[in-house]
Amino acid sequence: MGEYLDLDRQTVFNLLYPFPERINLSVTEEDLHPWQIRHSQYFQEPLLRIWDQFSGSQPAVDGRMMSRAPEMRLDNAQSRQGSLTKHLNHRDWTPGPYISFTASSATIEALAQMRVNKRGAQTLTVIDPNSRIRNGLPVLDIAAEMDHYNIPDPYGKSKAYYANHYVCLWQVTKAEIVGHWDWSSLADNKNWYQEIILPAFQEFTATTSATDNANSLLAEYGAVESAKGDMDDLQNTFSKLSVKNEALDYSNSDTSDGELDHYLDEGHDWDTDDEVEEANAADDMIKIIEGDW
Numbered sequence: 004m005g006e007y008l009d010l011d012r013q014t015v016f017n018l019l020y021p022f023p024e025r026i027n028l029s030v031t032e033e034d035l036h037p038w039q040i041r042h043s044q045y046f047q048e049p050l051l052r053i054w055d056q057f058s059g060s061q062p063a064v065d066g067r068m069m070s071r072a073p074e075m076r077l078d079n080a081q082s083r084q085g086s087l088t089k090h091l092n093h094r095d096w097t098p099g100p101y102i103s104f105t106a107s108s109a110t111i112e113a114l115a116q117m118r119v120n121k122r123g124a125q126t127l128t129v130i131d132p133n134s135r136i137r138n139g140l141p142v143l144d145i146a147a148e149m150d151h152y153n154i155p156d157p158y159g160k161s162k163a164y165y166a167n168h169y170v171c172l173w174q175v176t177k178a179e180i181v182g183h184w185d186w187s188s189l190a191d192n193k194n195w196y197q198e199i200i201l202p203a204f205q206e207f208t209a210t211t212s213a214t215d216n217a218n219s220l221l222a223e224y225g226a227v228e229s230a231k232g233d234m235d236d237l238q239n240t241f242s243k244l245s246v247k248n249e250a251l252d253y254s255n256s257d258t259s260d261g262e263l264d265h266y267l268d269e270g271h272d273w274d275t276d277d278e279v280e281e282a283n284a285a286d287d288m289i290k291i292i293e294g295d296w
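With the sequence shown counted from 1, adding 3 to any position gets you this note's numbering.
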């Protein structure tokens, strides 16, 4: 996995928009239906994923979780609709760019109980979707995307299996992972979610929010100081010109204003991912609930 760089805001942009040479005068799919983060998107609770030795997208040594198609372009309606359709079909194990999560602790319990005897030890991974969103990385609501792209429920259940089902695109970074728990350490506690997972999530969000706020303030302070420095340089330049009695002609505003604006702007720049044994009837319900886990 080391060959892939950490996912960031710029990479997301590059994978959601067509290559420049392919862009025509019409709007892009990303313009019509953005998959980039929306600032209004906010989660009250963590996202959960349960996995085992047969699962794909397992946490690597570097802490990341990679989809099975971590560089797949999603810059048009066809690639989005096609990859989502495959992701939802438990019989299609084509590598895709999605890593499935659920917001439902009940779903996790059901999956763990169904899997443990057949597939062995289970591990629960918890992420903070808000941390992911702050970093500019997409989180999609599967049911909403099925509606938008007119993808029928392959099981004829009116999307019942996809309630609370979310996907992260391409990879989950170490920075958004709250932690990993052996399911065996949680299973005997009927209040495992309320007593263990939620407190860990709340502590994580408090820490990361404070860090993000501090970094934001530092960046803002740096931008202000940079702007002050730019203005001081301009004032010194104007003063020197004035001392030399060199008249400044402001009538030619098309050039002087534009150059000044450009100068100041520069200062302010602002799953079927399961590698499982061949699917069989006993695995169908798992895949149905998981989507592409």
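The beta carbon of each residue, even a glycine, is placed where N, CA and C say it ideally should be.
Small disclaimer: the values here were computed from a predicted structure and weren't measured.
How should residue i be labelled, buried or exposed, when 16 other C-beta atoms within 10 angstroms of its C-beta is the threshold for buried?
i	result
Phe22	exposed
Phe16	exposed
Gln81	exposed
Val30	exposed
Gly159	exposed
His90	buried
Tyr169	buried
Ser86	buried
Leu8	exposed
Gly59	buried
Can you tell me where the beta strand (DSSP E) with residue i in it begins and where it stops?
i	result
Thr128	Thr126 to Ile130
Val15	No beta strand (DSSP E) contains Val15, which is instead part of the alpha helix (DSSP H) from Arg12 to Leu19.
Ile180	Ile180 to Asp185
Trp54	Leu50 to Trp54
Ser172	Note on identity: in this sequence residue 172 is Leu, with Ser being the wrong assignment. Taken as a continuous stretch (DSSP letters only), the beta strand (DSSP E) holding Leu172 covers His168 to Leu172.
Can you tell me whether residue i is helix, strand or coil according to DSSP?
i	result
His151	helix
Met68	strand
Thr110	helix
His90	helix
Trp195	helix
Gly270	Any reading at Gly270 must be qualified, since the residue scores a pLDDT of 34, below 50, and its modelled position is unreliable; no value is offered.
Asp264	Residue confidence is low: Asp264 scores 37 on pLDDT, short of 50, so the model does not pin down where it sits. Its coordinate-derived value is still stated next. Of the three classes helix, strand and coil, the one that applies to Asp264 here is helix, per DSSP.
Ile40	coil
Phe22	coil
Does the Cβ-Cβ distance between residue i and residue j come in under 7 Å?
i	j	result
Glu48	Ala106	yes
Ser345	Ile102	A question about residue 345 goes unanswered here, because the residues of the chain that appear run from 4 up to 296.
Ile200	Val129	yes
Thr176	Leu10	yes
Ile40	Gly139	yes
Met75	Pro37	no
Leu127	Trp184	yes
Arg122	Phe57	yes
Ile111	Ile53	yes
Trp3	Pro73	This structure leaves residue 3 out entirely; the chain is present only between 4 and 296.
Phe299	Pro132	No answer is possible for residue 299: the residues shown for the chain start at 4 and end at 296.
What residue from the options has the CA that sits closest to residue i's CA?
i	options	result
Leu19	Lys177, Thr126, Gln197 and Asp78	Asp78
Ala124	Ile130, Gln116 and His151	Gln116
Trp94	Ala163, Pro157 and Thr128	Contrary to the premise, residue 94 reads as Arg rather than Trp in this sequence. Of the listed residues, the one whose Cα sits closest to Arg94 is Pro157.
Arg83	Ala163, Leu35 and Gln13	Leu35
Gln44	Met68, Arg137, Pro155 and Pro62	Arg137
Asn167	Asp65, Arg12, Phe104 and His151	Phe104
Tyr164	Gln13, Asn92 and Arg12	Asn92
What is the residue span of the alpha helix (DSSP H) that residue i lies within?
i	result
Leu35	Glu32 to Leu35
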